[in-house]
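Chains as they are written, first to last, in my numbering: chain A, 53 to 402; chain B, 53 to 402.
All remarks here apply to the structure that follows.
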């Protein structure tokens, strides 16, 4: 009886493994194309052309997945979104938190039929890459024209992805590196030297980065300010112009910069202005009244989408002495873009 | 560089096709086991052991998937949930609405690792079956001991699934059938006669069902009352005891029963009491003040989970002349149970 009830069966979706995905994302133009696509995506977001569902979260108290492990904090998030008028919608399932390793996959569905086309078993790699891409995009728009030294705060996976992606937007190959754990800093230094970086200098006092570097990327999950305890170093900088991209610490209560350092910036940019009031680097500075209430048209704070369209605010003058900060908390459109780009590239290979 | 970053890759999830799924759900005990598992699931729900995320909906205005089709109304829902302390969590993706056919798939993930185990490409069949199971469960708990005639309102897919499932809870093989479209009614009658039903009588006046039948199932998507326009027929019933399971019309504004018929019932049961105030059969009767404000302990309205535990309210007396109504609007735990049962059965087959 069941046979007469359904006219059309679901075609079998294609499953792409991490190996296949890595081949595609390691091709020469992928990083550049991704940065460009994400730039266009943020403009579309600003114009109201992207829709993201409220995130579904599972595994949190009072419904933890596992109850017999001390300190258990794993959870799963379901993030769904799409651009109006494009071919696909994307659902990302991401899991992580003690004691399970971060993992994830992305699913591609047809907007026209609703049916699943593919699963990208990227194991979280596409999330790392799209996060790296937005950091590099911010450096491209706001980094000084001459970058002699890049500062890196943090020694984790995202630090590696950020630096790898940064190679596509700057020719600078000098890094000043700070991390909490000596051993991890040394491992990363050795890796980077093998990976084409010319100079990797380990920094003991994190605020030395503010003196020496033209661009700084922060990638930790700190709950307290790391950078900017001593603001006097800012007046001893060697060159004018400083940009900081804050990639880590995107939850409420987490931060990597001192609110007083944030208050010193000439221009603050957030991937989502509304999120930046509640989470990430700007939250404390707001609460302490150190930066003005948001007014996207004229204030020192604006969204990444608006920055992209405001070409007059991009850094294009070697003498531009501005101090700029970009804060990323991550938005669904980045997932949607990286998934669609990867799927298209995988399809082309066939 | 990427290789050193990830210790452990996602194993390839298993994809099960509709053919494989249908073999499993057509095995002799599947329907009985499913009804039993859903009965236990509703008790667990009542005890707070099931968690469902708010539903994600995509494709609705002002973000339709497709803008160039007149009357376009397709959408996709993402429904996620899990039982505390069980092995898996389940995500269902269901699409439907003009002009695309209903479709869907279910995904099984490990609660312990967060990783995807399997995709059931059931194309919506598992949703049909779990809906049929809850209708049969209600008939089992509330149907008269002697069922001589089953009334069916509607001639669609769910009507077929309901009747197929009902065979496992009653030996009655006589159906009185009502539908709006003569042609469809006749097709269904012929199908049912081939399918083991002994008598299928086509009814022209729907309210005759109230006079002739011991159990009635409604499966339409009506926006206006169909059954119970003439309540005088109730006093001409041949046998005491009547149960109606209302399966269709579960959206706000939709209904299949007259609110005055609802008001005549001795006992009203809803899969979710809070939903039943806003959608389905009881909403109008509430609004018109025909049935009392909810009080689950003593009132005439209670949840299915509570009914299951209140054995004193189950129908077990051939002389029980009560008139009972069950209204289903569908809850995520049914998806979770049918997906986990099907996955377990598919695994055992290997």
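We put the beta carbon where it would ideally sit given N, CA and C, even for glycine.
Because the structure is a prediction, the values reported are computed rather than measured.
- Message: For a contact defined as C-beta to C-beta under 8 Å, what are the partners of residue 106 of chain A on chain B?
- Response: Residue mapping note: residue 106 of chain A aligns to position 54 of the first chain, counting from 1. Those within 8 Å of residue 106 of chain A in chain B are 106 and 108.
- Message: With a threshold of 7 Å between beta-carbons, can residue 115 of chain B be considered close to chain A, or not?
- Response: Start at 1 with the first residue of the second chain, and residue 115 of chain B comes out as number 63. Yes, its Cβ sits closer than 7 Å to a Cβ of chain A.
- Query: How would you list, in chain order, the residues of chain B whose beta-carbon sits under 9 Å from the beta-carbon of residue 157 of chain A?
  - Reply: Looking up residue 157 of chain A in the first chain gives position 105. In chain order: 62, 65, 167 and 168.
- DSSP three-state assignment for residue 159 of chain A, whether helix, strand or coil: Within the first chain, the letter at position 107 stands for residue 159 of chain A. Strand at residue 159 of chain A.
- Query: Grouping DSSP H, G and I as helix and E and B as strand, with all else coil, what is residue 386 of chain B?
  - Reply: Sequence index remark: in the second chain, residue 386 of chain B carries index 334 (1-based). The answer is helix: DSSP assigns residue 386 of chain B an H, G or I state.
- Query: Can you round the beta-carbon distance between residue 310 of chain A and residue 277 of chain A to whole angstroms, since I take them to be within the 8 Å contact cut?
  - Reply: Here residue 310 of chain A refers to the residue found at position 258 when the first chain is read from its first residue. Here residue 277 of chain A refers to the residue found at position 225 when the first chain is read from its first residue. About 4 Å; that satisfies the 8 Å criterion.
- Task: Between the Cα of residue 342 of chain A and those of A:320, A:361 and A:177, spot the shortest distance and give me the residue it belongs to.
- Result: As a working note, residue 342 of chain A is residue 290 in the first chain. Checked all of A:320, A:361 and A:177; the closest Cα to residue 342 of chain A is A:320.
- Compare the C-alpha of residue 392 of chain A against each of A:144, A:125 and A:109 and name the closest. As a working mapping, residue 392 of chain A is identified with position 340 in the first chain. With distances taken between Cα atoms, residue 392 of chain A lies closest to A:144.
- Query: Over what stretch of residues does the beta strand (DSSP E) that includes residue 228 of chain A continue unbroken?
  - Reply: Within the first chain, residue 228 of chain A is the residue found at index 176, counting from 1. First-last of the beta strand (DSSP E) with residue 228 of chain A: 226-230.
- Beta-carbon of residue 220 of chain B versus every beta-carbon of chain A: anything under 7 Å? Taking the first residue of the second chain as position 1, residue 220 of chain B is located at position 168. Chain A, which has no Cβ nearer than 7 Å to the Cβ of residue 220 of chain B, makes this no.
- Message: Mapping the DSSP letters down to three states, classify residue 91 of chain B as helix, strand or coil.
- Response: Numbered from its first residue, the second chain carries residue 91 of chain B at position 39. It is helical.
- Message: Is residue 132 of chain A close to chain B? Criterion is C-beta to C-beta, closer than 7 Å.
- Response: Here residue 132 of chain A corresponds to residue number 80 of the first chain, with the count starting at 1. Closer than 7 Å to some Cβ of chain B, the Cβ of residue 132 of chain A qualifies, so yes.
- Using DSSP with H/G/I as helix, E/B as strand and the rest coil, what is residue 171 of chain A? Start at 1 with the first residue of the first chain, and residue 171 of chain A comes out as number 119. Of the three classes helix, strand and coil, the one that applies to residue 171 of chain A here is strand, per DSSP.
- Query: Got a sec: is the Cβ-Cβ distance from residue 128 of chain A to anything in chain B below 7 Å?
  - Reply: Reading the first chain from its first residue, position 76 is the one you call residue 128 of chain A. Interface residue, yes.
- If we count the other Cβ atoms within 10 Å of its Cβ and call it buried at 16 or more, is residue 245 of chain B buried or exposed? On the second chain, position 193 is the one that residue 245 of chain B refers to. Exposed, by the Cβ-count rule.
- Item | the region 143-161 of chain A touching the region 162-173 of chain B, judged by at least three CB pairs closer than 8 Å | yes
- Task: Quick one: measure Cβ to Cβ for residue 352 of chain A and residue 318 of chain A, integer angstroms, because I've assumed they're closer than 8 Å.
- Result: Position 300 of the first chain, counting from 1, holds the residue named residue 352 of chain A. Position 266 of the first chain, counting from 1, holds the residue named residue 318 of chain A. Correct: roughly 7 Å between the Cβ atoms.
- Query: Of all the alpha helix (DSSP H) runs that stay within the bounds of the region 63-91 of chain A, which reach a length of 4 or more residues?
  - Reply: 70-77
- Message: Which of the three DSSP states is assigned to residue 273 of chain A in this structure?
- Response: In the first chain, counting from the first residue as 1, residue 273 of chain A sits at position 221. Coil at residue 273 of chain A, not helix or strand.
- Message: Please report the distance separating the alpha-carbon of residue 199 of chain A from that of residue 106 of chain B.
- Response: The sequence position of residue 199 of chain A within the first chain is 147, counting from 1. The sequence position of residue 106 of chain B within the second chain is 54, counting from 1. One C-alpha to the other measures close to 47 Å.
- Query: Hey, is residue 141 of chain A's beta-carbon within less than 7 Å of any beta-carbon in chain B?
  - Reply: Reading the first chain from its first residue, position 89 is the one you call residue 141 of chain A. Residue 141 of chain A counts as touching chain B.
- Item | Euclidean distance between Cα positions of residue 55 of chain A and residue 247 of chain A | As a first step, residue 55 of chain A is located in the first chain; it is residue number 3 there, counting from the start. As a first step, residue 247 of chain A is located in the first chain; it is residue number 195 there, counting from the start. Note that residue 55 of chain A scores 40 on pLDDT, short of 50, meaning its location in the model is unreliable; the coordinates nonetheless yield the value given after this. Rounded to whole angstroms, residue 55 of chain A to residue 247 of chain A spans 57 Å at the Cα level.
- Give a yes or no on whether the minimum CB-CB distance between residue 147 of chain B and chain A is below 7 Å. On the second chain, residue 147 of chain B is found 95 positions in, with the first residue counted as 1. By this cut-off, residue 147 of chain B is an interface position.
- Task: Put residue 191 of chain A into one of helix, strand or coil per three-state DSSP.
- Result: Start at 1 with the first residue of the first chain, and residue 191 of chain A comes out as number 139. Residue 191 of chain A: helix per DSSP, three-state reduction.
- Query: Under three-state DSSP, which class holds residue 179 of chain A?
  - Reply: If you number the first chain from 1, residue 179 of chain A lands on position 127. Looking at residue 179 of chain A - three-state DSSP - the assignment turns out to be helix.
- Task: Using a Cβ-Cβ cut-off of 7 Å, state whether residue 152 of chain A counts as contacting chain B.
- Result: Taking the first chain and counting its residues from 1, the one referred to as residue 152 of chain A is at position 100. Yes, contact with chain B.
- Message: Pull the bridge partners of residue 115 of chain B from the DSSP assignment, please.
- Response: Here residue 115 of chain B refers to the residue found at position 63 when the second chain is read from its first residue. Per DSSP, none; premise fails for residue 115 of chain B.
- Item | Span of the alpha helix (DSSP H), counted from its first residue to its last, around residue 213 of chain B | Within the second chain, numbered from 1, the residue matching residue 213 of chain B stands at position 161. Its alpha helix (DSSP H) spans residues 209-218.
- Query: Contact check, residue 376 of chain A vs residue 194 of chain A under 8 Å by CB: the rounded distance?
  - Reply: Position 324 of the first chain holds residue 376 of chain A. Position 142 of the first chain holds residue 194 of chain A. At roughly 4 Å, the Cβ-Cβ gap stays under 8 Å, so residue 376 of chain A and residue 194 of chain A are in contact.
- Query: Which whole-angstrom value is the C-beta distance of residue 386 of chain B and residue 90 of chain B, which I expect to be below 8 Å?
  - Reply: Locating residue 386 of chain B in the second chain gives position 334, counting from the first residue. Locating residue 90 of chain B in the second chain gives position 38, counting from the first residue. 6 Å between Cβ atoms; contact.
- Message: Which residues does DSSP list as the beta-bridge partners of residue 279 of chain A?
- Response: Start at 1 with the first residue of the first chain, and residue 279 of chain A comes out as number 227. A:309.
- Message: Closest to residue 125 of chain A by C-alpha separation, out of A:132, A:114, A:135 and A:134, would be which residue?
- Response: Position 73 of the first chain, counted from the first residue, corresponds to residue 125 of chain A. Of the candidates A:132, A:114, A:135 and A:134, the one whose C-alpha sits nearest the C-alpha of residue 125 of chain A is A:114.
- Message: Please report the distance separating the alpha-carbon of residue 334 of chain A from that of residue 88 of chain A.
- Response: To locate residue 334 of chain A, count along the first chain from 1; it is residue 282. To locate residue 88 of chain A, count along the first chain from 1; it is residue 36. Residue 334 of chain A and residue 88 of chain A: Cα-Cα distance of roughly 26 Å.
- Query: So with Cβ pairs under 7 Å, would you call residue 57 of chain A a contact of chain B?
  - Reply: By one-based count along the first chain, residue 57 of chain A stands at place 5. Here the model assigns residue 57 of chain A a pLDDT of 38, short of 50, so the residue's position is not dependable, and the following value carries that caveat. Taking Cβ atoms only, chain B reaches closer than 7 Å to residue 57 of chain A, which makes this a yes.
- Who are the near neighbours of residue 337 of chain B in its chain, counting only those whose CB is closer than 6 Å to its CB and skipping five residues on each side? Walking along the second chain from the start, residue 337 of chain B turns up at place 285. Here the set comprises 311, 314, 315 and 343.
- Task: Could you tell me whether the region 178-187 of chain A touches the region 367-374 of chain A, using the rule of 3 or more Cβ pairs below 8 Å?
- Result: no
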